[in-house]
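The working numbering applies: residue 62 is where the sequence shown begins, and numbers increase by one.
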Amino acid sequence: MSRNKIIGSLVAISALWLGSTAYIGSNTEAYLKNYVERTNKIYEQYGFKVSLEAFEKGFFSSKANMNMDFIEPDMREIFSDTFKLPMKMNYNIENGPIFFEKGLGFGSSRIEQNLQASDYVVEEEAFKKMFKNDIMFNSSMVIGFAGNASFTAHSNPIVADIEGDTLTMSPLKMEGDMDMDTFEGKVKMFVDSLVASQGEDSLTIKSLLLDADITKFYANGFYLGDFLFEVDSLSTKGAILPISLENAKVSLGMLIDENKDKSIDMKFNIDADTRNSVLPKEYASLKKVALAYALNGTSLKGLLAFQDFTKRLEAKQQALALKLSSDNGAFDMEALEELEKFQVEAEEEMMLLLAGLLNKDRTNLTVNMNLLDKQDKESSLNMKVAYVGDEVLPTTSKDLMEKFTKDFLELLAVDLNIELNKDYIANLPVELQEKLAPQLQMGTMLGVVKDNNVSYRFDAKYQPKTLMVNGEDRTEMLQMLERGI
């Protein structure tokens, strides 16, 4: 089981919990059941489901009980060692339009939930010994008259000690709002501080923020939106990381947006400020890194098809994995042959689906990287690779592979710009300067690198069968590339 899948499941179950809490406040049990059915279609890809166990409707207040459980065998096996499954959620609902308990308010309903973490773990007594106080999580959600929901949630401070290894975290806080029908909305999560230590090793985080704004949710789980993960201060000691960080700032962003022509742009950025950190010798002069990359103009239809394919792929892999195992530990050879055949078919289908993402003259990959050293000297790399091939591509994997191999230089346009500031190079470790110097000299002699006294530059523009380097026609260089292909 991959770490990314486990993390994805935990994130998804958190989102599912918020959505479930919102819909509990609806007026009828039938409406709730409709929500459960719709939700399970989305979250089954993460290996779990939600079910409505009981709903008691009253005039002034109501109660609801829901279960969350893992349905994927591997995931269930992993989490059942730690958590009591299914996880039972109880909700108290104050019916509107006017709320009196815990302050005056207005809306369709207000939902309160109080969770105690020890109630959900298998080793309850051992869990309580690890933590100074039980972990409490309280949430409140108000369902508006127009079908919108706003919520707040918070935990108590978390203090743990496991045989000398410690964890101290300030209260986790969440807030947001969402549309009840579309699942679109905003959510923020804050943690003011987190300190973890293990012997001489330690990790300190200050001002952690997760900010998400989902602008559109598709039926198969694909979504559009803007996402930000930011840590204002990150410090490490010992062997937790291969580098020693001190007060470093890290920001990760993602934006997925739809264009008028039904194509999708996906943009990602990573920004890091090393501040007082002690980096390895080869990076010792580095102060800031800004990396942005984007996949633009991809087909929405192709992306949705690829999303469906990944679901089917995962389900089939799980089914075959179960068939491979037997009570005596021997492999089922028939299932093994089926798996090998399926893998070949999946690779062929994936190739066709990836080709289905391409839009002629619209699909492109861009990469922009800026490096700033501690003397504020900057170097940069900017690249754009665009698809300029046929609008209609072959419909078999064999023909598609043949075309991509044979006509490779006819399918792409490339724009590449690299600039190395001489002062930036001068601040690099001597060993790295000595390795870089002969390469730059050779590039200058061949006319590939341009020395403008302040920096070394490399500018290349490629269109099918035409190559310009530093403003000069170097199409003859393509012959070497063609022979290599």
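No residue lacks a Cβ here, since even glycine has one placed at the ideal position from N, Cα and C. Here the structure is a predicted model, which is why all the values come from computation and not from measurement.
- DSSP links Q174 through a beta bridge to S200.
- For D534, DSSP records a beta bridge to M529.
- For the stretch 356-442, the full-length alpha helix (DSSP H) segments reaching 4 residues or more read 361-385 and 394-416 along the chain.
- Assigned with DSSP and collapsed to three states, T100 falls in helix.
- Across the set L146, A125 and L481, the C-alpha of A125 shows the shortest separation from the C-alpha of E155.
- Rounded to the nearest angstrom, the gap between the Cα atoms of L113 and I132 is 16 Å.
- Here E236 is near F212, since their CB atoms are less than 8 Å apart.
- For S268, the three-state secondary structure derived from DSSP is strand.
- The alpha-carbon separation between G532 and L539 amounts to approximately 16 Å.
- DSSP, reduced to helix, strand and coil, places S231 outside both helices and strands of the structure shown, so it counts as coil.
- When beta bridges are read from the DSSP output, I219 appears opposite M230.
- Contact holds between the stretch 348-358 and the stretch 318-328, because three or more Cβ pairs, one in each stretch, are under 8 Å apart.
- Note on geometry: alpha-carbon atoms of D484 and S263 lie some 36 Å from one another.
- Only residues of its own chain outside the window of five on either side were considered, and among them E155, F160 and V203 have a CB closer than 6 Å to the CB of R171, listed in chain order.
- Between L433 and K349, the CB-CB gap stays under 8 Å.
- The beta carbons of F251 and K267 sit about 11 Å from each other, so the pair does not count as a contact at 8 Å.
- Distances from the CA of S346 to each of N320, F288, Q436 and L418 were compared; the closest alpha carbon is that of Q436.
- A distance below 8 Å between beta-carbons, with the five flanking residues on each side excluded, links I196 to the following residues of its chain, in chain order: Q177, A178, S179, S216, N217 and I219.
- DSSP places E245 in the coil class of the three-state scheme, outside both helix and strand.
- The count of Cβ pairs closer than 8 Å, one atom from the stretch 295-307 and one from the stretch 264-283, reaches three, so the stretches are in contact.
- Beta bridge pairing from DSSP links E307 with R336.
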